[in-house]
Structures are given as C-alpha cells and as structure tokens.
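*Asks:* Okay, here's the structure, questions in a sec.
Residue numbers (my numbering): 22 to 268.
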C-alpha cells in the first residue's frame, strides 16, 4: 500500500538514533530505577492489546485492569527489562509472550497487597476499550491472533493521534478529519470533487492535501514502529506483519 511511505529507509535511517525500546532496555541494564519513566511511557502507549487478551482469556473487566496493573508492576520489580534483549526480540513479541506467561503463572498467585500499595499504577481507561474488545472478540478466536490485531490497531491509532496533533498545531484540524477518511482508499476525479466540497477547497487542492497526508502518514507510521524495534532494518517486516494482522 503506497501510503505507507515506501520501503526505502535510507532517507532517514542515517538519523535513526536509539528507539524508546532500546533506551528502556539499555537503562535497565545500567540502572533499573532509571528505566521506570521510559517504561511507563512505552507501556502507556501499548497496553491496550494486553486488555483484549485478558478479556479473551475470561477475565472480567475489573480483573483485566488489575492484572495489567500487576503486570506493569512486575516489569519494574522482577528484572524483566534486565532479561529483555531487543536484538533478539521486538517489544511487541517480547511483551506478548511475557503477558501470556504472566496470566498463566504470576496472576494465578496474585498478591492483593500489591493493589493500591507501593507499586506504581497507571491511569488506564478500560471503559473506552470495552466496546472495542466486544467487536474484536468476534473476529479473532485465538488470544495470539487477537493480540496481533489489537497491536496493529493500536499502532495505527497512535499514528492518527500524532498526525491529528500536527494538523491541529497548523490550524488544519478540520481538513485532517476530512482527509483521514480517504487515506487508504483509491480515488477518482469525482471523489476529489466530493472531498473538496466538504473541505471548501478545489478538487486539485484536495488531491494535493491527500497526497501530503498519505506521505506523512507513512512517515509517522515508520516513526511509531521505530519506537518498538532495535534496528531500522526491521521496520519493513514489522509493517508487513501489521498489515497481515489487520486482514
């Protein structure tokens, strides 16, 4: 799909420094305490697939949230990051495996003293996810499949959120909302006339605006995925797997 920005990473790989995942892992090796803020930020962006899997496994809404909070606490206290190696596993893969093991083992021996105690808790809005979980559960029968699909949708949601902020900062929030609905669709002349009418612009301006959004969408997608892989060379395969999960 052309709107994903192509496959050539050479144009920006030279500026590729250290991903968030690598930063967290490196910090954990040097000083576990220093990795906590970075881990909290990373976890905050990608916890939603964990909720879907927990619900798929039969946990009630409240229990799923508690399990996620306990799991996050275990990441901070059980040398999780000291064992994680981004070179041999992407954050998506490592998190998925660790979560399934946690549900099988650690949560079975849940310590109620953790809840509300000294373990850091994150502000998680599970109410917003509940309706999404209900819909996703009908299209994915296996927990692993559900995790991959939810992860892919989470990535795209992060991309849309980041782009919405960019357009809003330029005073073009309304245009973004109009164009976003057509990002993945093949369009003809009549479609551009429709978009132009909705956004009070010419069909030519609509075509240019959509082209720019598609290009920026692809760039932002790669930036977001780069947060979770160690090597920029892995981004293309991660995009392929994301697309496969959405089918």
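Each residue gets a CB set at the ideal place from its N, CA and C atoms; glycine is no exception. It should be emphasised that the depicted structure is a prediction, and the values quoted were computed from it without experimental measurement.
Could you give the distance in angstroms between the alpha-carbon of residue 217 and the alpha-carbon of residue 186?
*Replies:* Sequence index remark: in the chain shown, residue 217 carries index 196 (1-based). Sequence index remark: in the chain shown, residue 186 carries index 165 (1-based). When rounded, the distance between both Cα atoms is 22 angstroms.
*Asks:* By Cβ distance below 6 angstroms, which residues in the same chain neighbour residue 71 in space, the five residues on each side in sequence not counted?
*Replies:* Here the question's residue 71 lines up with position 50 in the chain shown. Hits under 6 angstroms: 89, 120.
*Asks:* I need the boundaries of the alpha helix (DSSP H) containing residue 75, first residue and last residue.
*Replies:* As a working note, residue 75 is residue 54 in the chain shown. Per DSSP, residue 75 belongs to the alpha helix (DSSP H) from 69-77.
*Asks:* Just curious, the alpha helix (DSSP H) that residue 262 is in, first and last residue?
*Replies:* Along the chain shown, read from residue 1 onward, the residue named residue 262 stands at position 241. From DSSP, the alpha helix (DSSP H) with residue 262 extends over 256-267.
*Asks:* List the endpoints of the continuous alpha helix (DSSP H) containing residue 114.
*Replies:* Here residue 114 refers to the residue found at position 93 when the chain shown is read from its first residue. Note, residue 114: alpha helix (DSSP H), 112-122.
*Asks:* Indicate the three-state DSSP secondary structure (helix, strand or coil) for residue 223 in the structure shown.
*Replies:* Here residue 223 refers to the residue found at position 202 of the chain shown. It is coil, neither helix nor strand.
*Asks:* So, helix, strand or coil for residue 206, using DSSP?
*Replies:* Here the question's residue 206 lines up with position 185 in the chain shown. Three-state DSSP puts residue 206 in coil, outside helix and strand.
*Asks:* With a cut-off of 8 angstroms, does the C-beta of residue 227 fall near any C-beta of chain B?
*Replies:* No chain B is present in this structure, which holds just one protein chain.
*Asks:* Counting pairs of Cβ atoms below 8 angstroms between the segment 194-203 and the segment 79-99, do you hit three or more?
*Replies:* At 8 angstroms Cβ cutoff, the stretches do not touch.
*Asks:* What I want to know is whether the C-beta of residue 65 ends up closer than 7 angstroms to one or more non-hydrogen atoms of the ligand GDP.
*Replies:* Annotation note on the ligand GDP: not contained in the displayed structure, which lists no ligands.
*Asks:* Please report the Cβ distance between residue 183 and residue 241, rounded to the nearest whole angstrom; I am assuming they are in contact, meaning their Cβ atoms lie under 8 angstroms.
*Replies:* Along the chain shown, one-based indexing puts residue 183 at 162. Along the chain shown, one-based indexing puts residue 241 at 220. Right, the Cβ-Cβ distance comes to about 6 angstroms (below 8 angstroms), so this counts as a contact.
*Asks:* With a CB to CB cut of under 7 angstroms and the five nearest residues on each side skipped, what residues in its chain are close to residue 105?
*Replies:* For the purposes of this step, residue 105 is taken as residue 84 along the chain shown, with counting starting at 1. Here the set comprises 46, 115.
*Asks:* With a threshold of 6 angstroms on Cβ separation, who are the neighbours of residue 181 within its own chain once the five nearest residues in sequence on each side are excluded?
*Replies:* The residue labelled residue 181 in the question sits at position 160 within the chain shown. Contacts found: none.
*Asks:* Just the C-alpha distance for residue 146 and residue 69, rounded to the nearest angstrom, thanks.
*Replies:* By one-based count along the chain shown, residue 146 stands at place 125. By one-based count along the chain shown, residue 69 stands at place 48. Going from the Cα of residue 146 to the Cα of residue 69 covers about 9 angstroms.
*Asks:* Specify, as a first and last residue, the run of the alpha helix (DSSP H) that residue 171 falls within.
*Replies:* For the purposes of this step, residue 171 is taken as residue 150 along the chain shown, with counting starting at 1. Unbroken alpha helix (DSSP H) run through residue 171: 164-190.
*Asks:* Hey, out of 209, 243, 122, whose CA is closest to residue 254's CA?
*Replies:* The sequence position of residue 254 within the chain shown is 233, counting from 1. Nearest of 209, 243, 122 to residue 254, Cα basis: 243.
*Asks:* What separation, rounded to the nearest whole angstrom, lies between the Cα atoms of residue 250 and residue 257?
*Replies:* Counting from one through the chain shown, the residue named residue 250 turns up at place 229. Counting from one through the chain shown, the residue named residue 257 turns up at place 236. So the two alpha carbons sit approximately 11 angstroms from each other.
*Asks:* Under the three-state reduction of DSSP, which class applies to residue 253: helix, strand or coil?
*Replies:* Here residue 253 is taken as the residue at index 232 of the chain shown, counted from 1. Residue state, collapsed to three classes: helix.
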